[in-house]
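The block underneath contains the structure these notes are about, expressed in structure tokens.
Protein chains: 2
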Amino acid sequence: MSPRHPSDDRAPNQVDVARLAGVSTQTVSRVMSGQQNVRPETARRVLAAVEELGYRVHAAAASLASGRTRILGVIVVSTDRYSTAALGVGIQQAAAEHRYTVTTAAVADHASADAFVEAFDRLERQGAEGIILGVPVELDSPAMRLRTARTPSTRNERLSMHPDAPLIIDQHAIARQAVEHLLDLGHKTVWHVPGDEYWLETRQRRETWEQVLTERGITPPPVIPGDWTPESGYRAGRTIAAIPEATAVFVSSDEMAFGLIRALHEAGRRVPEDISVVSVDDIALAGFASPALTTVRQPFEQMGRAAALRLIAQLEGVEISDAPEDVHPELIVRSSTAAPRG
Amino acid sequence: MSPRHPSDDRAPNQVDVARLAGVSTQTVSRVMSGQQNVRPETARRVLAAVEELGYRVHAAAASLASGRTRILGVIVVSTDRYSTAALGVGIQQAAAEHRYTVTTAAVADHASADAFVEAFDRLERQGAEGIILGVPVELDSPAMRLRTARTPSTRNERLSMHPDAPLIIDQHAIARQAVEHLLDLGHKTVWHVPGDEYWLETRQRRETWEQVLTERGITPPPVIPGDWTPESGYRAGRTIAAIPEATAVFVSSDEMAFGLIRALHEAGRRVPEDISVVSVDDIALAGFASPALTTVRQPFEQMGRAAALRLIAQLEGVEISDAPEDVHPELIVRSSTAAPRG
DNA sequence: GACGATGATGTTTGCGCTCTCATTCTGTCA
DNA sequence: TGACAGAATGAGAGCGCAAACATCATCGTC
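Residue numbers (UniProt numbering), protein chains in the order written: chain L, 1 to 342; chain D, 1 to 342.
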């Protein structure tokens with residue numbers, strides 16, 4: 001161990017670097033945070049000392065002193081659904097580009113509203129400067145409003161009274177595209193298998209499904225319950241197979257569509273010849289169902305990215321150059337839909 | 001605003017609480033960290049003050065003073081694969097139970113080894129006390145060894161020379177179960193579609209596939225390349241469909257199996273009558289493929305949980321009561337495998 | 001009823017960094 | 001050449017908390 005190194009085994013700090021480089025700690029600080037007004041030669045000396053000592057900035061100390069943490073919090077429900085993972089990828093990417101860190105708080109599926117408040121608290125305590133609510137429910141309790149008022153977060157937008165506040169993604173557009181596609185093919189009506197009642201998206205899509213049918217003078221048939229899982233899709237499929245007049249179904253997720261189609265096949269109903277199916281998500285496997293699924297793609301990764309970028313822009317108080325334009329769902333037509341048999 | 005409240009709008013701190021409760025800051029600290037040796041009456045007064053002021057512990061300050069962060073870092077590759085999400089759920093759960101926070105660093109898929117080193121650095125700088133490497137590759141560069149030596153992390157185990165160090169999950173057991181299941185059904189040989197070459201798991205499974213065949217005096221057929229995606233499975237399926245003598249395939253993921261089976265069907269080969277297929281993972285949709293997939297389940301959630309608990313135990317220097325027993329893969333027999341036709 | 005043992009609380013100090021402000025250095029122009 | 005703007009650097013304070021240590025109250029014991 002060279003005599004220039006601190007002899008004890010504690011991690012090197014700014015003082016050690018400053019001493020070795022022959023500058024003040026303030027200069028070390030400036031170099032580490034990439035500020036201007038440091039002579040290249042000085043910066044080089046500092047960086048050499050940093051390298052030699054293996055120094056790294058102590059984030060807790062820095063954020064205590066500066067009041068900034070550059071931490072983004074994410075609240076998600078504990079599910080292994082594809083959507084959660086893909087959202088996370090987008091968030092991580094955007095955060096990393098702007099040198100933010102992401103910390104996640106998971107909440108049990110179907111948890112009470114209190115659980116979200118608690119997760120919010122955990123993230124605030126941890127120092128999160130902004131919080132992304134990748135969350136299935138409307139959070140408009142007084143407790144939640146108190147928190148979203150002091151810590152910027154997504155989904156504020158839904159709670160705020162601005163009717164033109166951009167949504168992360170337009171669930172109504174998703175449902176409309178799906179239902180109209182089926183009606184335009186000539187189906188007399190469209191049955192619906194919604195997702196878990198707990199999710200806001202579920203309600204939004206169901207409302208729009210009803211609305212589109214009503215617009216065309218069709219009385220919506222009863223809803224066939226679902227909960228996102230393939231098993232629930234299978235149960236729904238058995239129900240629908242027993243309804244001879246059903247020729248078109250709007251299912252709220254691809255995973256349910258897999259179960260639904262299997263049940264239809266077992267009951268001897270062909271897809272799309274007897275029954276057309278449109279679902280939502282466009283997961284990687286959607287094209288490999290039998291038949292390949294016609295589905296409305298949700299660009300989860302872009303959504304996560306957009307949410308993070310918007311939040312960061314708010315935190316920095318600036319326009320971000322690569323500001324995300326609105327993210328739109330897209331109908332992908334494959335082989336699970338067709339015109340009804342004449 | 002009551003006169004007892006600090007008039008400026010800065011967040012309340014320990015001093016404010018101490019003053020309002022009529023105690024010292026140290027007592028506030030003791031109450032907040034749930035220590036013993038505080039009279040119930042005193043604790044109540046403190047908590048009342050905390051409530052009134054909306055005080056919350058400042059994590060950065062606490063960790064600067066205590067030297068502890070209770071942060072667990074996770075390095076993952078940026079994919080939306082099911083496995084990543086499910087692992088995360090298990091990690092989050094275990095961390096929350098022990099009052100740890102999780103922060104994630106994502107690395108681009110197929111990134112260089114340097115990218116993992118950099119992610120490790122980011123997490124260390126952020127204060128992570130332990131790091132879970134949910135990572136596809138062997139990381140045994142000097143730079144990485146330097147880091148894993150000072151910050152506890154999983155997968156050390158694979159790098160360490162202890163041959164009996166418990167693996168997170170035994171990839172050899174996975175491959176062995178799959179291949180032996182097919183051979184025991186009477187197939188003369190087993191073809192293999194591995195995952196992405198980049199992944200350690202891929203190599204481990206292929207090695208075992210070769211080994212099991214060799215043990216039984218069978219010369220392994222050529223490998224049909226794959227990369228985890230359903231598309232690659234589909235391509236592999238077309239290749240295999242053109243091999244008349246092929247009757248059994250071990251595919252390294254369920255998603256590839258979906259693609260593979262579709263390609264076989266399109267080529268007129270029936271599953272399992274003409275060709276048996278075993279895959280790996282047991283994703284939610286595995287039971288809803290046509291035919292339902294025989295697959296080796298990887299208990300991702302338990303794996304994540306086990307990794308986190310083991311790391312926490314190491315950090316706390318204690319045995320954790322609910323220590324995870326080893327996590328084992330399990331063959332789930334469904335309908336994609338059968339004996340070869342006589 | 002004096003003594004120590006224990007529990008409850010307070011005081012002081014410093015964690016490692018960035019902020020503000022002061023000082024020194026550099027180059028430029030009259 | 002001297003003065004001065006502006007860049008580069010340094011000095012000192014303090015962010016909010018917990019550790020270590022000091023002090024005070026309380027209790028049972030003989």
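A virtual CB, placed ideally from N, CA and C, is assigned to each residue, including glycine.
Between residue 276 of chain L and residue 336 of chain L the beta-carbon gap is near 7 Å, inside 8 Å, which marks them as a contact. Those residues of the segment 122-138 of chain D placed with their C-beta closer than 8 Å to a C-beta in chain L are 122, 124, 125, 126 and 127, ordered along the chain. For residue 183 of chain L, the three-state secondary structure derived from DSSP is helix. For residue 217 of chain D, the secondary structure class from DSSP, reduced to helix, strand or coil, is coil. By the CB criterion at 8 Å, residue 189 of chain L and residue 221 of chain L fall inside the cutoff. Each residue's CA atom was taken as its position, placing residue 332 of chain L and residue 177 of chain L some 10 Å apart.
If only uninterrupted beta strand (DSSP E) runs of at least 3 residues are considered, those enclosed by the segment 107-178 of chain L are 130-134.
Per DSSP, the unbroken alpha helix (DSSP H) holding residue 264 of chain L starts and ends at 254-266. Sequence-distant partners of residue 82 of chain L (beyond 5 residues in either direction) whose C-beta falls short of 6 Å from its own C-beta, in its chain, are 283. Rounded to the nearest angstrom, the Cβ distance from residue 207 of chain L to residue 136 of chain L is 16 Å, too far for a contact under 8 Å. When the Cα atoms are used, residue 67 of chain D and residue 16 of chain D turn out to be separated by approximately 24 Å. By the criterion of a C-beta distance shorter than 6 Å, residue 105 of chain D is surrounded in its chain by 75, 119, 122 and 123, once the five residues flanking it on both sides are discounted. Of all alpha-carbon atoms in D/72, D/21, D/84 and D/99, the one lying nearest the alpha-carbon of residue 33 of chain D is that of D/99. In this structure residue 11 of chain L is not in contact with residue 63 of chain D, their Cβ atoms being roughly 14 Å apart against a cut-off of 8 Å. Under the Cβ distance rule, residue 296 of chain D does not count among the residues neighbouring chain L, no pair being separated by less than 8 Å.
For residue 259 of chain L, the residues of chain D that pass the 8 Å Cβ criterion are 288, in the order they occur in the chain.
The shortest CA-to-CA distance from residue 209 of chain L to any of L/149, L/181, L/274 and L/241 is the one to L/181. DSSP places residue 281 of chain D inside the beta strand (DSSP E), whose first and last residues are 276-281. Residue 57 of chain L and residue 248 of chain L have their alpha carbons spaced roughly 60 Å apart.
For the segment 73-87 of chain L, the set of positions with a beta-carbon nearer than 8 Å to some beta-carbon of chain D reads 78, 79, 80, 81, 82, 84, 85 and 86 in chain order. The C-alpha of residue 231 of chain D lies about 10 Å from the C-alpha of residue 263 of chain D. At a cut-off of 8 Å between beta carbons, residue 213 of chain L makes no contact with chain D.
Sorting L/289, L/205, L/126 and L/298 by C-alpha distance to the C-alpha of residue 328 of chain L places L/298 at the top. Taking the Cα positions, residue 244 of chain D is about 37 Å away from residue 281 of chain L. Within the DSSP bridge table, the entry for residue 20 of chain L names no partner. The contact set of residue 92 of chain D on chain L, defined by CB atoms closer than 9 Å, consists of 76, 78, 104, 105 and 106 in chain order.
Residue 117 of chain L has a beta carbon lying at 8 Å or more from every beta carbon in chain D. For residue 73 of chain L, the enclosing beta strand (DSSP E) covers residues 71-77.
Exclusion of the five residues before and after residue 304 of chain L leaves 87, 90 and 91 as the residues of its chain whose Cβ lies within less than 6 Å of its Cβ.
Beta-bridge pairing by DSSP links residue 305 of chain L to no other residue. When beta bridges are read from the DSSP output, residue 250 of chain L appears opposite L/192 and L/278. At least one CB of chain D lies nearer than 8 Å to the CB of residue 230 of chain L. In the structure shown, the three-state DSSP call for residue 289 of chain L is coil. By the neighbour-count criterion, in which a residue is buried when 16 or more other Cβ atoms sit within 10 angstroms of its Cβ, residue 146 of chain L is exposed. Here residue 196 of chain L is near residue 227 of chain L, since their CB atoms are less than 8 Å apart. At least one beta carbon of chain D lies nearer than 8 Å to the beta carbon of residue 63 of chain L.
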